[in-house]
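So the structure is just underneath, and the comments pick up after that.
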Amino acid sequence: MFHPEGPTFAELMRQALASTERGYDLIAPKFDRTPFRTPDEVLAAMATHIASVSGGTVGSALDVCCGTGAAMRHLRPLCTERVVGIDFSEGMLAEARRRLADAPGDARIELVRGDALELPFEREMDLVTSVGAFGHVLARDEDRFVAGIARALVPGGRFVFATGRPPRPTEPWFWMAHGFNGVMRVRNALLRPQFIMYYLTFLWPDVRALLERHGFEVEALEGLCPAPYERVIIVSARKS
Ligand SMILES: C[S@@+](CC[C@H](N)C(=O)[O-])C[C@H]1O[C@@H](n2cnc3c(N)ncnc32)[C@H](O)[C@@H]1O
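Heads up, the sequence shown is in the numbering used here, so the first residue is 65 and it goes up one at a time.
What follows is the structure, given as structure tokens:
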């Protein structure tokens with residue numbers, strides 16, 4: 065899971081003791097060698113789905129919490145106008161800038177430094193994606209997060225993301241995720257600045273009600289990702 069060229073344990077600890085934003089600045093150069101970067105197999109399955117529901121291309125796409133630009137690389141060939149990534153870590157954006165220099169496609173690439181809870185876009189995106197980032201959105205901010213995405217989309221536009229179902233108590237991941245969340249709750253109660261990262265958020269089917277509250281028609285697509293990601297669910301939410 066961890067790559068020899070990825071961050072060391074000490075570097076990951078330093079990240080976890082910093083603020084969320086500064087933590088990502090610190091590991092940005094090595095981020096693509098961590099298991100936290102969304103795998104290309106999942107991004108490719110999302111891109112195939114997007115192409116199939118949009119007649120092959122979309123005009124403008126936004127990737128929220130774009131990190132090093134992993135999703136933007138898959139989105140660019142689908143876009144005819146622009147592909148925009150927003151993230152609050154300057155370090156991650158610098159990596160995205162470098163890594164996207166040879167991304168296939170002709171759409172304009174825009175990298176914006178900003179907060180996912182304060183998206184500065186209004187009825188201008190045909191597609192919004194977000195992957196690997198919902199753990200950074202506190203439960204109390206979920207409505208604000210989805211409201212910003214709904215506002216960024218044109219009517220008929222789509223919000224597409226990857227998630228999963230809640231693990232069962234018989235699965236090791238159930239205990240690992242709850243254990244991690246417990247440690248982070250204690251860390252964030254005791255230390256400042258906080259590092260916001262919790263597992264088991266935006267899970268299917270709970271996320272459906274959140275999306276419907278913001279005017280989305282929602283479908284969940286299972287079995288689109290190859291092994292070992294076959295349990296990943298791609299949620300495709302159309303703004304009515
Ligand atoms: C685990 S990384 C995922 C990056 C990329 N989406 C991927 O899947 O490879 C999470 C990213 O979310 C960004 N992030 C977290 N909270 C954010 C916020 N409130 N506003 C903007 N970016 C945020 C971090 O800086 C980081 O780049």
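All C-beta atoms, glycine included, are put in the ideal place defined by N, C-alpha and C.
All values reported here derive from a predicted model rather than from experimental measurement.
Return yes when at least one heavy atom of ligand 1 lies under 8 Å from the C-beta of Cys129, else no. Indeed, a heavy atom of ligand 1 lies less than 8 Å from the Cβ.
Exercise. So, helix, strand or coil for Ala160, using DSSP?
Worked result: For Ala160, the secondary structure class from DSSP, reduced to helix, strand or coil, is helix.
Query - Distance between Glu174 and Val210 (C-alpha atoms, nearest Å) - result: Taking the straight line from one Cα to the other gives about 21 Å.
* Asked: Is Val195 near ligand 1, with its Cβ less than 8 Å from a heavy atom?
  -> Indeed, a heavy atom of ligand 1 lies less than 8 Å from the Cβ.
Would the C-beta of Tyr263 count as close to ligand 1, meaning under 8 Å from any of its heavy atoms? No, the beta carbon of Tyr263 sits no closer than 8 Å to any heavy atom of ligand 1.
**Asked** Do Ser118 and Asp190 have their C-beta atoms within less than 9 Å of each other?
**Response** Yes. Within cutoff.
(Q) Lys94 and Gly70 - do their beta-carbons sit closer together than 9 Å? (A) The answer is yes: Cβ separation under 9 Å.
*asked:* Here's the rule I'm using: 16 or more other beta-carbon atoms within 10 Å means buried, otherwise exposed. How should Leu217 be labelled?
replied: Buried is the call here.
Query raised in the report: By Cβ distance, which residues of its chain are closer than 6 Å to Pro230, with the 5 residues on each side in sequence left out?
Result: Its chain contains Leu267 as the residues whose beta carbon lies nearer than 6 Å to that of Pro230, once the 5 sequence neighbours on both sides are disregarded; these appear in chain order.
Closer than 8 Å is the cut-off here; do at least three beta carbon pairs connect the stretch 277 to 294 with the stretch 252 to 261? By the Cβ rule, the stretch 277 to 294 does not count as touching the stretch 252 to 261, because fewer than three pairs are nearer than 8 Å.
_Taking the alpha carbon of Leu288 as the reference point, which residue from Pro236, Phe225, Gln258 has its own alpha carbon closest?_
Its Cα nearest to that of Leu288, the residue Phe225 stands out among Pro236, Phe225, Gln258.
Q.
Looking at ligand 1, does it come within less than 8 Å of Val192, judged from the CB to the closest heavy atom?
A. No, Cβ of Val192 sits at least 8 Å from all heavy atoms of ligand 1.
Please list the terminal residues of the continuous alpha helix (DSSP H) segment that includes Thr112.
From DSSP, the alpha helix (DSSP H) with Thr112 extends over 104 to 117.
For Tyr262, which residues in the same chain have their Cβ closer than 7 Å to its Cβ, ignoring the five residues on either side in sequence? When the five nearest sequence neighbours on each side are left out, the beta carbons in the same chain lying within less than 7 Å of the beta carbon of Tyr262 are those of Gly199, Asn245, Met248, in order along the chain.
### Query
For Thr121, which residues of its own chain have a beta-carbon under 6 Å away from its beta-carbon, when the five flanking residues on both sides are left out?
Around Thr121: Leu142, Thr144.
### Query
What did DSSP end up calling Val122 once you bin it into helix, strand or coil?
Strand, per DSSP.
Legend entry - Alpha-carbon to alpha-carbon, Gly169 and Arg161: The straight-line gap from Cα to Cα measures roughly 15 Å.
query = Is it the case that the CB of Ile150 approaches a heavy atom of ligand 1 more closely than 8 Å?
reply = Checking every heavy atom of ligand 1 against the Cβ of Ile150, one is found closer than 8 Å.
Checklist line | Euclidean distance between Cα positions of Val192 and Leu183 | finding: Inter-residue distance for Val192 and Leu183 is about 11 Å (C-alpha atoms, whole angstroms).
Comparing alpha-carbon positions, which option in Leu76, Val148, Ala74, Glu85 lies nearest Gln258? Measuring C-alpha to C-alpha distances from Gln258 to each of Leu76, Val148, Ala74, Glu85 identifies Glu85 as the nearest.
Three-way DSSP call (helix, strand, coil) for Gly155 in this model | Of the three classes helix, strand and coil, the one that applies to Gly155 here is helix, per DSSP.
* heavy atom of ligand 1 below 8 Å from Asp104 C-beta -> No, the beta carbon of Asp104 sits no closer than 8 Å to any heavy atom of ligand 1.
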